[in-house]
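Peer 1: Questions regarding the structure given below will be posed in turn.
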Amino acid sequence: MNEDLKIPNLERLSVVVATILLAFAITQFIRIPSGNSSLSLGGFIIPFNFNLSTFITISIAGMTASGVDWILRDHPELAGRSTIPHLLIPAITAWVQSVILNNMADTPVKWIVFTVGGVFLIAVILAEYIVIFPEDYRKPIATALLTAFIYGMLLALLVALDSTDQRLIISLPAIGLATGILSMRVFQFQSEQEWPLLPSLVSLLVTAQLSAALHYLPMSPLSHGLIILGIIYFTINFILSLDRGVSTRRAVIESIIPLILIWLVAIWIN
């Protein structure tokens, strides 16, 4: 390994990425009949559709986290620290890509998304490897890249869920889980807290509440995704501004301007 320019072991990286992409590809060719079940809650019968692809999607996310941990353990500056914070984005990236692919029709576009997703996954792993070492001159770029990936993945997940008309009881936990985990990573980048659980929980609850309220609004999937993404962006930036000691009025102004711009775009393309 180059001591001046730290890069991951390329053999490990290629094995992990190839295994994950192979798992993605296999799941696209296997068609397993779905099962039906129901849950009685408060006198209401809630139907569930489930199949093996649901468990495969979760397994791919876990496999990605395990593979990335194997790659990061080779970093000379890790010094016995936990790799868990660095596993969150790669695992969610694999999970979101799997959800998107499973809900796409079998067209050439699907394989373009498959290829682009593989490139994104490699970029995410490389960026997480770089940010381990605080003195690495590439860290600000890697941090900005990972932050952009976080918002991009959230938008992709929101659009994918809305475009397939998922029931609220299915889409809301997925949105909440992704928002909570990924916002935690943003807070880790921008604050000194190792595990900013409270800000992440606030972000999760605000997003979940407003997502539930907006679920049945008649709008296109992209507009719907942008509306919720604007809420997520506003919440995260408002909390970060308060954490930096900015006044509440200034924090609101600095956070609401991007929110308005995102919502205007959402309304314009609807």
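Take the position in the sequence shown, starting the count at 1, then add 1336; the result is the number in my numbering. Beta carbons: idealized from backbone N, C-alpha and C, even for Gly.
In whole angstroms, give me the CA-to-CA distance for Val1445 and Leu1491.
Peer 2: Position 109 of the sequence shown holds residue 1445. Position 155 of the sequence shown holds residue 1491. Rounded to whole angstroms, Val1445 to Leu1491 spans 18 Å at the Cα level.
Peer 1: Using the beta-carbon count (16 or more within 10 Å), is Asn1439 buried or exposed?
Peer 2: If you number the sequence shown from 1, residue 1439 lands on position 103. Burial call: exposed.
Peer 1: Can you find at least 3 beta carbon pairs, one from the segment 1421-1428 and one from the segment 1514-1527, that sit closer than 8 Å?
Peer 2: With the cut-off at 8 Å, the segment 1421-1428 and the segment 1514-1527 touch.
Peer 1: Identify, in the order they occur along the chain, each residue of the same chain with its Cβ nearer than 6 Å to the Cβ of Gln1433, setting aside the five sequence neighbours on each side.
Peer 2: One-based indexing of the sequence shown puts residue 1433 at position 97. Contacts found: Gly1453.
Peer 1: How far does the alpha helix (DSSP H) with Trp1604 in it reach, from first residue to last?
Peer 2: Position 268 of the sequence shown, counted from the first residue, corresponds to residue 1604. Note, Trp1604: alpha helix (DSSP H), 1584-1605.
Peer 1: Classify Val1352 as helix, strand or coil using the three-state DSSP reduction.
Peer 2: Against the sequence shown, residue 1352 aligns to sequence position 16. In the structure shown, Val1352 sits in a helix (DSSP, three-state: H, G or I).
Peer 1: With contact counted as at least three CB pairs below 8 Å, one residue from each stretch, are the segment 1406-1415 and the segment 1343-1357 in contact?
Peer 2: Verdict: yes, contact present.
Peer 1: Could you give the distance in angstroms between the alpha-carbon of Leu1504 and the alpha-carbon of Lys1342?
Peer 2: Stepping through the sequence shown from its first residue, residue 1504 is reached at position 168. Stepping through the sequence shown from its first residue, residue 1342 is reached at position 6. The alpha-carbon atoms of Leu1504 and Lys1342 are separated by roughly 44 Å.
Peer 1: By DSSP, does Ile1458 sit in helix, in strand, or in coil?
Peer 2: Stepping through the sequence shown from its first residue, residue 1458 is reached at position 122. Helix.
Peer 1: Sorted by chain position, which residues of the same chain lie with C-beta nearer than 8 Å to Ala1549's C-beta, five sequence neighbours on each side aside?
Peer 2: If you number the sequence shown from 1, residue 1549 lands on position 213. Nothing meets the Cβ criterion.
Peer 1: For Asp1579 versus Ser1536, is the C-beta spacing smaller than 7 Å?
Peer 2: The residue you call residue 1579 lines up with position 243 of the sequence shown. The residue you call residue 1536 lines up with position 200 of the sequence shown. Not a contact, by the Cβ cut-off of 7 Å.
Peer 1: Could you round the C-beta distance between Ile1511 and Leu1494 to whole angstroms and report it? I think they count as a contact, below 8 Å.
Peer 2: Residue mapping note: residue 1511 aligns to position 175 of the sequence shown, counting from 1. Residue mapping note: residue 1494 aligns to position 158 of the sequence shown, counting from 1. With a Cβ gap of about 7 Å, Ile1511 and Leu1494 count as contacting.
Peer 1: On the DSSP letters alone, give me the boundaries of the alpha helix (DSSP H) that Ala1478 sits inside.
Peer 2: Here the question's residue 1478 lines up with position 142 in the sequence shown. Counting along the chain, the alpha helix (DSSP H) containing Ala1478 begins and ends at 1475-1499.
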